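In the UniProt record's numbering, the protein residues as written are 1 to 350.
Structure first, commentary second.
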Ligand SMILES: Cc1cc2nc3c(=O)[nH]c(=O)nc-3n(C[C@H](O)[C@H](O)[C@H](O)COP(=O)(O)OP(=O)(O)OC[C@H]3O[C@@H](n4cnc5c(N)ncnc54)[C@H](O)[C@@H]3O)c2cc1C
């Protein structure tokens, strides 16, 4: 319980590990996060009453560990709105088609007041002395204990748990002595979920699509958006649509993407300008704390949960965690929670 534990990364995995260890009575825990904010791939922006999810949004009933954390933290879930017809654009020359959505086979849930609620509740339980923001880890040196060098300072640790996505980890942190070659090779070929995504949301004065009997769900083969969903808040008082933009638009600037999206929305729903409040987006491909763009092609979920991530490293005192290391639901929030529980089990055995 007196071991100095350093957790690298303040995303969902890192915060759950820290929270759980604190509850168990560990007295020296540090979460070292490179960014100025916690959450990693969980990123909710509040625009008026709308909770805009620019990162993780949905969970499903089989996400049992995540649901149980939400229950423990008294976090409310609500169903993704899907009532009404959907729209589909097959080719640019043809008008947009309207169709009836089939009954929902698999209900998606959202977190009331935004997924960030989860991050805020966990970090409030940890307190300021545990969390160290703006500290990018650049080197991890092991000689019976660890010296962790960041862009700003040094940390000492008996145990280190990294939650940096594996591909980024081996491309951005220097290990002394070096990590095993086969582990480095696998990590370099491990997919990081949503690494190339561009997510956007448009906030409106009213849910005008409902007046047309539409659900807000739309698909397009043409783009710039490929998928679109109703994104109103839990109390249905902040109104928005949210979707994903095709990767080919990543070279444009925000204003150009905004214009292209508003044009496409007008094609789908008619003139939306009188309802417009704001356009929000996040280009994850350009997020240096998520991935490295080395041009290599990795298929979605490739090597997620690979057994090499679970091998004993540096006398069992270095633990590689984070969603992509989970053999179940790797890449998703559920994977992040499960990887955290694997890490906690390993610490007990050190
Ligand atoms: C656009 C998008 C949509 C998504 N939608 C869903 C969804 O609907 N449902 C779902 O279940 N999942 C979704 N996900 C995936 C989900 O967000 C992730 O699985 C989960 O948040 C991963 O948590 P993590 O803690 O393992 O990793 P991360 O959130 O990536 O956290 C890693 C942390 O490490 C930090 N870090 C990186 N390098 C360093 C360094 N050198 N030193 C210190 N800190 C460092 C990062 O800043 C980050 O905070 C989505 C992700 C994105 C991007």
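We treat Cβ as the ideally placed atom computed from N, Cα and C, and that holds for glycine.
Bear in mind that the values here come from a model prediction, so they are computed numbers and not experimental data.
Cutoff 8 Å: residue i Cβ touching any chain B Cβ
i: residue 279; result: The structure shown contains no chain B, having only a single protein chain.
Residue i and residue j closer than 8 Å at C-beta
i: residue 131; j: residue 265; result: no
i: residue 147; j: residue 135; result: no
i: residue 2; j: residue 27; result: yes
i: residue 87; j: residue 268; result: yes
i: residue 22; j: residue 73; result: no
i: residue 111; j: residue 118; result: yes
i: residue 161; j: residue 200; result: no
i: residue 290; j: residue 168; result: yes
i: residue 224; j: residue 246; result: yes
i: residue 390; j: residue 57; result: The chain is shown from 1 up to 350; residue 390 falls before or after that span and cannot be answered.
i: residue 213; j: residue 228; result: no
i: residue 323; j: residue 314; result: no
i: residue 32; j: residue 150; result: yes
i: residue 44; j: residue 166; result: no
i: residue 202; j: residue 188; result: no
i: residue 342; j: residue 321; result: yes
i: residue 221; j: residue 89; result: yes
i: residue 143; j: residue 4; result: no
Span of the beta strand (DSSP E) around residue i
i: residue 4; result: 4 to 8
i: residue 351; result: Nothing about residue 351 can be reported from this structure: the residues present for the chain run from 1 to 350 only.
i: residue 78; result: 77 to 79
i: residue 155; result: 154 to 157
i: residue 141; result: 137 to 143
i: residue 215; result: 214 to 220
i: residue 110; result: 109 to 111
i: residue 276; result: 276 to 283
Option nearest residue i by Cα separation, candidates the options
i: residue 292; options: 151, 279, 192, 336; result: 192
i: residue 357; options: 50, 273, 218; result: The structure shown does not extend to residue 357, since the chain spans only 1 to 350, so no value can be given for it.
i: residue 240; options: 301, 140, 204; result: 204
i: residue 233; options: 227, 242, 287, 175; result: 242
i: residue 348; options: 153, 325, 14, 25; result: 25
i: residue 153; options: 99, 97, 34; result: 34
i: residue 273; options: 187, 283, 258; result: 258
i: residue 196; options: 297, 96, 329, 178; result: 297
i: residue 275; options: 207, 141, 30; result: 207
i: residue 107; options: 277, 177, 61, 36; result: 61
i: residue 336; options: 5, 45, 31, 66; result: 66
i: residue 83; options: 294, 211, 295, 307; result: 211
i: residue 317; options: 202, 346, 306, 103; result: 346
i: residue 127; options: 248, 342, 4, 19; result: 19
N- and C-terminal bounds of the alpha helix (DSSP H) containing residue i
i: residue 129; result: Element bounds for residue 129: n/a, residue is neither H nor E.
i: residue 341; result: 333 to 348
i: residue 268; result: 254 to 269
i: residue 352; result: The displayed coordinates of the chain run from 1 to 350. Any statement about residue 352 would go beyond what the structure contains.
i: residue 48; result: Here residue 48 belongs to no alpha helix (DSSP H), and DSSP marks it neither H nor E.
i: residue 97; result: Residue 97 -> not in any alpha helix (DSSP H); beta strand (DSSP E) instead, spanning 97 to 99.
i: residue 64; result: 64 to 72
i: residue 17; result: 12 to 24
Inter-residue CB distance, residue i and residue j (contact presumed, cutoff 8 Å)
i: residue 47; j: residue 280; result: 6 Å
i: residue 81; j: residue 271; result: That belief does not hold up - the Cβ atoms of residue 81 and residue 271 are roughly 23 Å apart, past 8 Å.
i: residue 138; j: residue 340; result: Contact flag wrong, Cβ pair sits at about 24 Å.
i: residue 278; j: residue 198; result: Their Cβ separation, rounded to whole angstroms, is 17 Å, which puts residue 278 and residue 198 out of contact at 8 Å.
i: residue 327; j: residue 305; result: 3 Å
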